[in-house]
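Quick note: the sequence shown uses this note's numbering, first residue 1, plus one each step.
Heads up, the beta-carbon is just placed ideally off N, CA and C, and yes, glycines get one too.
Here is the structure we will look at.
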Amino acid sequence: MLSPIVVSASVITPSDVLSDWTPSGSPIDGGTDGVWTQSGSSIVGSGNHRASLLSDFSNSDSFGFSVDSRARDNDLFGLMWGVQDLSNHYRFSWGQERNDGGNTGWTGSGGFNLYKEVGGVATGLFNSNIEYVIGNDYNLNVLGTAGGFDVLITNLTTSTNIFNISIADTTFTSGRVGVHEWYQGNSNVWSNFDNSQTVPEPSVIALMGLGVFGLGISRRKMKK
């Protein structure tokens, strides 16, 4: 088994996100309200904001995507990954008082929902009635693996782990990543965007190369 290491970890600045990433509609209903803007070292949306923001790069199955988000209102926010388009992706949505009902749009209560959406049809993979706390900062982290993905959410304000979810699903083994939110008041404050990819250890690659080289020598000897 090859041992992976991170070889392309990168912190993505807010200006790079706004200039290179693609503003798009909400993954819940495809609608768009408001705009994304930069505020210092963070990104925020205008009031009554309903939208997503999708990366200019595509990850393979082994990746890490992380971003910090401060909750400032009582609607909904989340991450997207394995994104082919708004009808084909993974996403989670975390709400207070409202939430993502998958195929039914908004629900009337808060909580956490994780979906796989294929051809516009959402399938629930995980849910919880735990709501976020307004005014708190959260680290949102998705780790892709060959067999699925892990979702880790930490409350940075209280140094508390909220979710550590492992899902075995490989419907989308590559795709873009992004953030999404739906607010009728104050948007979240998004900062510290980070993305990484993993490949086999250089030493393992070298050994593989030596193996191929040795096989070539062996074949040449057999021909003599």
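In the structure shown, what three-state DSSP assignment does Ser203 receive? Locating residue 203 in the sequence shown gives position 203, where the first residue counts as 1. In this prediction, Ser203 has a pLDDT of 47, which is less than 50 and means its spatial position is unreliable; what the coordinates show is noted afterwards. It is helical.
Within a Cβ cutoff of 7 Å, which residues of the same chain sit near Thr123, ignoring the five residues on either side of it in sequence? Residue 123 sits at position 123 when you count from the first residue of the sequence shown. Excluding sequence neighbours, Thr123 sits near Tyr115, Lys116.
For Ser203, count neighbouring C-beta atoms within 10 Å of its own C-beta (all shown protein chains included) and say buried if the count is 16 or more, exposed if not. Numbered from 1 along the sequence shown, position 203 holds the residue referred to as residue 203. Residue confidence for Ser203 is low, a pLDDT of 47 falling below 50, so the modelled location carries little weight and cannot support an answer.
Could you give the DSSP three-state label for Val179: helix, strand or coil? Position 179 of the sequence shown holds residue 179. DSSP places Val179 within a strand segment (E or B) once states are collapsed to three.
Within its chain, find whatever has a CB closer than 7 Å to the CB of Ser235; leave out the 5 residues flanking it on each side and keep chain order. Because the chain is modelled from 1 through 224, residue 235 falls outside the range shown and cannot be assessed.
Span of the beta strand (DSSP E), counted from its first residue to its last, around Pro23: The count along the sequence shown starts at 1 and reaches residue 23 at position 23. Segment 22–24, the beta strand (DSSP E) holding Pro23.
Compute the distance between the beta-carbons of Gly147 and Thr170, then report whether it is under 9 Å. Position 147 of the sequence shown, counted from the start, is the residue given in the question as residue 147. Position 170 of the sequence shown, counted from the start, is the residue given in the question as residue 170. Inclusion of Gly147 and Thr170 in the CB contact set at 9 Å is warranted, their separation being smaller than that value.
Classify Ser10 as buried or exposed, calling it buried when 16 or more other Cβ atoms lie within 10 Å of its own Cβ. Counted from its first residue, the sequence shown places residue 10 at position 10. Of the other Cβ atoms in all chains shown, fewer than 16 fall within 10 Å of the Cβ of Ser10; this residue is therefore exposed.
Span separating the alpha-carbon of Ser93 from that of Asp100: Within the sequence shown, residue 93 is the residue found at index 93, counting from 1. Within the sequence shown, residue 100 is the residue found at index 100, counting from 1. The C-alpha of Asp100 is placed about 6 Å away from the C-alpha of Ser93.
Who are Ala51's beta bridge partners in DSSP? Reading the sequence shown from its first residue, position 51 is the one you call residue 51. Glu181, per the DSSP bridge assignment.
On the CB-based measure, 16 or more other CB atoms within 10 Å of its CB, does Ser55 come out buried or exposed? Translated into positions along the sequence shown, residue 55 becomes position 55. The residue in question, Ser55, is buried, as its Cβ has 16 or more Cβ neighbours within 10 Å.
For the candidate residues Gly178, Gln184, Ser196, Tyr183, whose alpha-carbon lies nearest to that of Gly18? The residue given as residue 18 occupies position 18 in the sequence shown. It is worth fixing the name first, because residue 18 is Leu in this sequence and not Gly. Of Gly178, Gln184, Ser196, Tyr183, the residue nearest in Cα terms is Gly178.
Which residues bound the beta strand (DSSP E) around Ser93? Walking along the sequence shown from the start, residue 93 turns up at place 93. Run containing Ser93: 88–95, per the beta strand (DSSP E) assignment.
Give the secondary structure of Leu156 by DSSP, where H, G and I count as helix, E and B as strand, and everything else as coil. Counting from one through the sequence shown, the residue named residue 156 turns up at place 156. For Leu156, the secondary structure class from DSSP, reduced to helix, strand or coil, is coil.
Of all the options Gly144, Tyr183, Leu125, which has the alpha carbon lying nearest to the alpha carbon of Gly82? The residue labelled residue 82 in the question sits at position 82 within the sequence shown. If you compare the alpha carbons of Gly144, Tyr183, Leu125 with that of Gly82, the shortest gap goes to Gly144.
Which whole-angstrom value is the C-beta distance of Leu76 and Glu181, which I expect to be below 8 Å? Here residue 76 refers to the residue found at position 76 when the sequence shown is read from its first residue. Here residue 181 refers to the residue found at position 181 when the sequence shown is read from its first residue. Separation of the CB atoms of Leu76 and Glu181 is rounded to 6 Å, and the pair is thereby assigned contact status at 8 Å.
Kindly indicate the opening and closing residues of the beta strand (DSSP E) around Thr13. Counting from one through the sequence shown, the residue named residue 13 turns up at place 13. Following the DSSP letters along the chain, one finds Thr13 in no beta strand (DSSP E), marked with neither H nor E.
If you run the structure through DSSP and keep just helix, strand and coil, what is Asn129? For the purposes of this step, residue 129 is taken as residue 129 along the sequence shown, with counting starting at 1. In the structure shown, Asn129 adopts coil according to DSSP, grouped into three states.
State the Cα-Cα distance for the pair Tyr132 and Phe193, rounded to the nearest angstrom. Here residue 132 refers to the residue found at position 132 when the sequence shown is read from its first residue. Here residue 193 refers to the residue found at position 193 when the sequence shown is read from its first residue. Cα to Cα, Tyr132 sits roughly 20 Å from Phe193.
Apply the 10 Å Cβ neighbour rule to Ala51 and answer buried if 16 or more other Cβ atoms are within range, or exposed otherwise. Translated into the one-based positions of the sequence shown, residue 51 becomes position 51. With 16 or more Cβ atoms within 10 Å of its Cβ, Ala51 is classed as buried.
Taking Cβ positions, are Asn195 and Phe112 nearer each other than 9 Å? Here the question's residue 195 lines up with position 195 in the sequence shown. Here the question's residue 112 lines up with position 112 in the sequence shown. With contacts defined by Cβ atoms closer than 9 Å, Asn195 and Phe112 do not form a contacting pair.
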